[in-house]
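**Q** Below is a structure I'd like to ask you about.
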Amino acid sequence: MIAVAIASLSGGQGKTTASLFLSRLLASRGYPTLAIDADPQHNLTTYLGLELQPNQPTLLEVLKKSVPIEDGIYPVEGSDNLFLIPSDDGLDAAADYLPIQQRCRRYPVAAPPRTCCRSLQILYH
Ligand SMILES: Nc1ncnc2c1ncn2[C@@H]1O[C@H](COP(=O)(O)OP(=O)(O)O)[C@@H](O)[C@H]1O
Ligand SMILES: [Mg+2]
């Protein structure tokens with residue numbers, strides 16, 4: 045499995061656009077692809093055409109483990125290979141459910157001296 049984190053420290057940098065086109069490209073080339081919308085603005089969810097009912101699970105419920113991850117994965121219409129874990133406004137509350145943040149409100153991070161997925165995850169949080 046290859047995980048690609050598309051992150052930047054400000055808005056309007058093309059994260060959603062890159063996620064959308066990369067997901068569609070990989071799926072169109074036959075790779076089963078899971079897009080994950082980790083932005084409470086949920087533009088990727090909107091662009092992929094998913095309209096959620098308020099009671100349907102999103103990335104927030106997956107992170108809270110209140111549903112199995114499978115329940116948070118939706119097929120994207122029109123593509124056999126593309127799936128999405130969507131988000132909605134409620135994802136703003138996600139930090140409250142991360143175990144480390146329940147225990148500590150400040151946490152200095154010693155990141156490795158190179159660019160890698162883990163470094164990007166650390167920066168994104
Ligand atoms: N490669 C690109 N070239 C030109 N415009 C782009 C490119 N990628 C994104 N945009 C435009 O930049 C704006 C912000 O893109 P978006 O993907 O919403 O950014 P982000 O998700 O980082 O906030 C949008 O209007 C989008 O159409
Ligand atoms: Mg965006």
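Residue numbers (my numbering): 45 to 169. All C-beta atoms in this analysis are idealised placements derived from N, C-alpha and C, irrespective of residue type, glycine included.
If you measure from the CB of Gln85, is any heavy atom of ligand 2 nearer than 7 Å?
**A** Position 41 of the sequence shown holds residue 85. Within the cutoff, so yes.
**Q** Alpha carbons only, please: which of Val48, Tyr141, Thr60 and Ala47 is nearest the one belonging to Thr90?
**A** On the sequence shown, residue 90 is found 46 positions in, with the first residue counted as 1. Of Val48, Tyr141, Thr60 and Ala47, the residue nearest in Cα terms is Thr60.
**Q** Alpha carbon to alpha carbon, how far is Gln100 from Pro112? Give it in angstroms, no decimals.
**A** For the purposes of this step, residue 112 is identified with residue 68 of the sequence shown, where counting begins at 1. For the purposes of this step, residue 100 is identified with residue 56 of the sequence shown, where counting begins at 1. Taking the straight line joining both Cα atoms gives about 13 Å.
**Q** Under the rule that 16 or more other beta-carbon atoms within 10 Å means buried, what is Ala139, buried or exposed?
**A** As a working note, residue 139 is residue 95 in the sequence shown. The residue in question, Ala139, is exposed, as its Cβ has fewer than 16 Cβ neighbours within 10 Å.
**Q** So, with DSSP's three-state summary, where would you put Leu167?
**A** Here the question's residue 167 lines up with position 123 in the sequence shown. Only weak support is given to the placement of Leu167: the predicted model assigns it a pLDDT of 49, under 50, and the value that follows is read from those uncertain coordinates. Residue state, collapsed to three classes: helix.
**Q** So what's Tyr75 in DSSP terms, helix, strand or just coil?
**A** Translated into the one-based positions of the sequence shown, residue 75 becomes position 31. Of the three classes helix, strand and coil, the one that applies to Tyr75 here is coil, per DSSP.
**Q** Taking the C-alpha atoms as reference points, what is the distance between Arg73 and Tyr141?
**A** Reading the sequence shown from its first residue, position 29 is the one you call residue 73. Reading the sequence shown from its first residue, position 97 is the one you call residue 141. Using only the alpha carbons, I get a separation of about 36 Å.
**Q** How big is the Cα-Cα spacing for Asp124 and Glu114?
**A** By 1-based counting over the sequence shown, the position of residue 124 is 80. By 1-based counting over the sequence shown, the position of residue 114 is 70. Going from the Cα of Asp124 to the Cα of Glu114 covers about 17 Å.
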